[in-house]
Structure formats: C-alpha cells, structure tokens
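Here is the structure we will look at, set down as structure tokens.
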Amino acid sequence: MDHPPIPLSLAAAGPLTGIVTVPGDKSISHRSLMLGALAVGETVITGLLEGEDVLATAAAMTAMGASIQKKDQTWHVHGVGVGGLLQPQTALDMGNSGTSTRLLMGLVASHPITATFIGDASLSRRPMGRVIDPLSLMGASFTASPGGRLPLTMQGLCPAVPLRYTLPVASAQVKSAVLLAGLNTPGRTVVIEPVATRDHSERMLAGFGATLTVEPSPEGRIITLHGEPELRPQIITVPGDPSSAAFPLVAALIVPGSDVTIANVGMNPTRAGLVTILQAMGADISVMHPRTVGGEPVADLVVRHGALTGIEVPPDIAPSMIDEFPILFVAAAFAQGTTIMTGLDELRVKESDRIAVMAAGLAACGVTLKELPDGLAITGTGGDPLPGGATVDAHLDHRIAMSFAILGLNARAPVTIDDARPIATSFPTFVAMMESLGATRRK
Numbered sequence: 001m002d003h004p005p006i007p008l009s010l011a012a013a014g015p016l017t018g019i020v021t022v023p024g025d026k027s028i029s030h031r032s033l034m035l036g037a038l039a040v041g042e043t044v045i046t047g048l049l050e051g052e053d054v055l056a057t058a059a060a061m062t063a064m065g066a067s068i069q070k071k072d073q074t075w076h077v078h079g080v081g082v083g084g085l086l087q088p089q090t091a092l093d094m095g096n097s098g099t100s101t102r103l104l105m106g107l108v109a110s111h112p113i114t115a116t117f118i119g120d121a122s123l124s125r126r127p128m129g130r131v132i133d134p135l136s137l138m139g140a141s142f143t144a145s146p147g148g149r150l151p152l153t154m155q156g157l158c159p160a161v162p163l164r165y166t167l168p169v170a171s172a173q174v175k176s177a178v179l180l181a182g183l184n185t186p187g188r189t190v191v192i193e194p195v196a197t198r199d200h201s202e203r204m205l206a207g208f209g210a211t212l213t214v215e216p217s218p219e220g221r222i223i224t225l226h227g228e229p230e231l232r233p234q235i236i237t238v239p240g241d242p243s244s245a246a247f248p249l250v251a252a253l254i255v256p257g258s259d260v261t262i263a264n265v266g267m268n269p270t271r272a273g274l275v276t277i278l279q280a281m282g283a284d285i286s287v288m289h290p291r292t293v294g295g296e297p298v299a300d301l302v303v304r305h306g307a308l309t310g311i312e313v314p315p316d317i318a319p320s321m322i323d324e325f326p327i328l329f330v331a332a333a334f335a336q337g338t339t340i341m342t343g344l345d346e347l348r349v350k351e352s353d354r355i356a357v358m359a360a361g362l363a364a365c366g367v368t369l370k371e372l373p374d375g376l377a378i379t380g381t382g383g384d385p386l387p388g389g390a391t392v393d394a395h396l397d398h399r400i401a402m403s404f405a406i407l408g409l410n411a412r413a414p415v416t417i418d419d420a421r422p423i424a425t426s427f428p429t430f431v432a433m434m435e436s437l438g439a440t441r442r443k
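So for the sequence shown, the UniProt record's numbering puts the first residue at 1; every next one is plus one.
Now the structure itself:
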C-alpha cells in the first residue's frame, strides 16, 4: 500500500540557537552490527543510528544467525563467529541501503551460503557491479538483474580465494566488501587504495581483534588483512554522524545571528572534508573538546553565522565529503562570489543523480549556477535571502530533501520538499532537531 507523500517546508523567524546532537554515524552503525555478529560473545552498542538503513543490516544479520536485541537505549549483539553465518531462509530486504547491500555481499562471499538481495525502487536502480567484480575473483558467483542491479542472488565460496585488489574507483564500500570477504578467507587479503576513503572498516576490524596493517606506498594505501581471525566482542559508542551534522551546521551559517553547538560529532579525517572546506570559505566553526572514543576521533562543533566566500574546492577532497556536497551546494548559494566544485562523478550514481537533481532544485529557488559534467559552479547571494518559492522534487533522496529544507530557512518565499518521508532513512529526528533550534514548520 502506497502512503501519500508528506511535504515539508521549514522557516526561520530569527536566529537558530541551542545545543543539539545528531544521530549516530551510519557507517559505524552498520559495521558495528556486522562485526558484532561475527564476534564470539556479546557486543554492546550505544548511540546506534536507528534509521531504516541500519535496521535493514540488523534484520539481515539476524536472518543469518546472529541474535540482535535492543534493551533500553543499548543494542546487544550475540555473534556467530567468523565463518558461522547461516543460510537465510528468505530474501534479504535492503530497503534503500546501498551500504548494507555492498558490505553484506562481501560477508556472504566467503561463506558457503546462497543469499538473494532485494531493495526498494531507488536501490534497485543502483549498480552493484563494482562489488560483484572483486567478489567474483574471490570465488563468489552472481545472478543479477540487468546492469548488475538488484534483485540479485549470490552464492558464496568457502574457502574463498585470497585476493590482491587495486580499487579502480575510490569507494569505501568496495574496499569494505573485499575486506569483509577476507575475514573468512585463508591467507592474506590485500586492498590497494590509490585515493584514501573513509577508514571506519579498518579501524573497527582492528578494534575487534583482526590482524590488519595499513601501509603507505607509491600505489596508495595498502591494506592487508590476515584471514580467519577470532573477533572479540566490543563495547561501542557510536559518534554522531558528520553527514547528519552537516545540516544544522550549514543552517547556522546561513541564518543571520545563529549560534549552534553540535555535540559529539565524529571527526574522522576521512569524513571531515566539509568542515575543512567551509572553514576555507570563511565559516566560523570551532572544533571544541577533541577526544577519541572507540578508536574514532570525536569533537563538539560550535558554529556561528557569518559571511562565506566562494572558492574552488580541490577535487581530491571529494571522497572525504561525498555525501555532504548537496548541503555544500546550499552553503555556496549564500556565499559571496562563485564556488566551483568538480570531481563529483560519484554523485551521479547515488540515491539519485545528485548533481542534476540539486541543479534543478537550486535553479528553481533562484540560485545562479552552471552544471558541469562532474560538478557545479554556484554563484552565491553574498548572504542575502534567495527568492525561493519552489516545490522541489527530492527524488526520494534523503540528503536532497534535507538540503532544500535548510535552504528554505533563508528564502523570501517558502521552499517546499515534495516528500519528506525518505529523511527517516538516515535522520528520523531531523525536523524535531531543527525545531529545537528555532526553525518552524510552515503549514
């Protein structure tokens, strides 16, 4: 049964102020459930992101034999041990989660089981070939829909073939899929990463007791995993997701007079590109109380409204902030001068073609821009409100929906998102958090 769309339009009558936390990091949440399910004993997780994507991972791990339960505010995972995953009795429904799908394909690849992956309409359009290729080299076999898409059925091989694989495209998901397949593979699995991507998998694998080395070389980062470790259960506190923190952060920068603190944000250097770029544009962002929690760097961000200046964003920073470009486009729309952002080919194959969809929505709101083959050039207002007055088709993409909701906070006429329901995939408390800072929902 199809539910009707839920439009969303936010307004700011005055400055945004207050202290907020954002949901747990999605990348770390997925991996803590997966590795907890492969450890022997009980892993306890606090701060888990309870969005639909992460719950899809929990359901899949349960279907393959792990016991996962929530008690009060903590999650308890009783694992099956490396190599212990069981044959799922039904297809694994991944919903909208590309991360769950690609990482779980890696886990299944080195187990003697067959699994069918299905997903929603958006996920079923996303290509899985970049994961199918290396996992096939390890011995897994695939029957996929045309174009290497879902639904797909895969048969793992045990023992799998250890692999030395150079990533053809910067992708933390492909790297992680190969490393996870390597867990139950004898010998050494080696991934060579020409461009560094988020390293949550490496940090967490080491934290759970896997033998893993990361070495720089002329080829890039060489990651070597020794197969068949005994993973030890952990107590994990998931830091706030920097991709979610991006929304209140940019909101504070563009709404005059704002002063917002975002507490307990993950500051992993492979994810902190947005803060670096905004500071280069002149943003008033203070990184307070830096600390390390569970191997991951964490800090509180204090953000104040102020003038932004357009810059040319270095393309090599793109992998460290690929999910934050839609909201950076919004920040650029209020900067003085032109911001040029290129090297974003990856955005064309996300939940939607984020370059084209953002360009269309921004233009409808009165933003001056030029769409480039691999990015956008945006000329900002210098801080003045945008005309607004558009209803934006977010294409069922949570990050685009939230980006335009933030843009509408400094627009003369309302900006309405056609359907806010997908926001629940990553940030179920988004509207409530914005209201706590002083934003209002336009009726």
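The beta carbon of each residue, even a glycine, is placed where N, CA and C say it ideally should be.
- In its chain, beyond the 5 residues on either side, ALA91 and THR153 have a beta carbon closer than 6 Å to the beta carbon of THR116.
- By the Cβ rule, the segment 341-361 does not count as touching the segment 279-291, because fewer than three pairs are nearer than 8 Å.
- Distance from the CA of GLY187 to the CA of LEU386, rounded to the nearest whole angstrom, comes to 58 Å.
- Relative to LEU376, the option among PRO290, PRO218, ASP384 and ASP345 whose CA is nearest is ASP345.
- In summary, LYS175 is buried, with 16 or more beta-carbon neighbours lying within 10 Å of its beta-carbon over all protein chains present.
- Annotation for VAL131: the continuous alpha helix (DSSP H) segment containing it runs 129-137.
- In the DSSP assignment, LEU152 falls within the unbroken beta strand (DSSP E) covering 149-155.
- Below 8 Å, enough C-beta pairs join the segment 75-92 and the segment 221-231 to call them touching: three or more.
- Per DSSP, the beta bridge partners of GLN336 are THR309.
- In terms of Cβ geometry, VAL392 and VAL415 form a close pair [threshold 9 Å].
- Take the alpha-carbon of ILE223 and the one of VAL287: they are about 30 Å apart.
- Exclusion of the five residues before and after MET138 leaves ALA109, ALA160, VAL161, LEU163 and ALA181 as the residues of its chain whose Cβ lies within less than 6 Å of its Cβ.
- Residue range 74-78 is occupied by the beta strand (DSSP E) that includes HIS78, with no alpha helix (DSSP H) assigned at that position.
- Going by beta carbons, ILE285 and THR21 fall outside the 9 Å limit.
- Taking 9 Å as the cut-off, the beta carbon of ARG130 is found closer than this to the beta carbon of VAL169.
- In the three-state scheme derived from DSSP, where H, G and I count as helix and E and B as strand, PHE117 is classed as strand.
- DSSP places LEU344 in the coil class of the three-state scheme, outside both helix and strand.
- Rounded to whole angstroms, PRO290 and ALA299 show a C-alpha spacing of 4 Å.
- When secondary structure is reduced to three states using DSSP, LEU249 falls in the helix class.
- Residue pairing for MET288: DSSP places it in a beta bridge opposite ASP300.
- For ILE222, the pairing in a beta bridge is given by DSSP as ILE192 and GLU215.
- Here HIS226 has ARG188 and THR211 as same chain residues with Cβ atoms under 7 Å from its own Cβ, once five neighbours each way along the sequence are excluded.
- Apart from sequence neighbours up to five positions away, the residues of its chain that approach ILE19 with a beta-carbon distance below 7 Å are THR261 and ALA263, ordered along the chain.
- When DSSP states are grouped into helix, strand and coil, ARG441 belongs to the strand group.
- ILE400: member of the alpha helix (DSSP H) spanning 398-407, first to last residue.
- Taking C-beta atoms as the reference points, THR342 and PRO23 fail to come closer than 9 Å.
- Taking the CA atoms as reference points, LYS70 sits about 16 Å from ASP53.
- Only residues of its own chain outside the window of five on either side were considered, and among them HIS30, ASP53, ALA56, THR57, ALA60 and MET94 have a CB closer than 7 Å to the CB of SER100, listed in chain order.
- Cβ-Cβ separation between SER141 and LEU123: approximately 22 Å, too far for a contact (criterion under 8 Å).
- Membership of ASP393 in any alpha helix (DSSP H) is not indicated, and neither H nor E is assigned to it by DSSP.
- Rounded to the nearest angstrom, the gap between the Cα atoms of GLU50 and VAL238 is 11 Å.
- Short of 7 Å from the beta carbon of HIS395, and not among the five residues preceding or following it, lie these beta carbons of its own chain, in chain order: SER352 and VAL357.
- Per DSSP, the unbroken alpha helix (DSSP H) holding ARG102 starts and ends at 98-109.
- THR429 sits in coil when the DSSP states are folded into three classes, being neither helix nor strand.
- As the crow flies, the alpha-carbon of PRO4 is around 24 Å from that of LYS350.
- When the alpha-carbon of THR143 is set against those of THR114, THR166, ASP120 and ARG126, the nearest one is in THR114.
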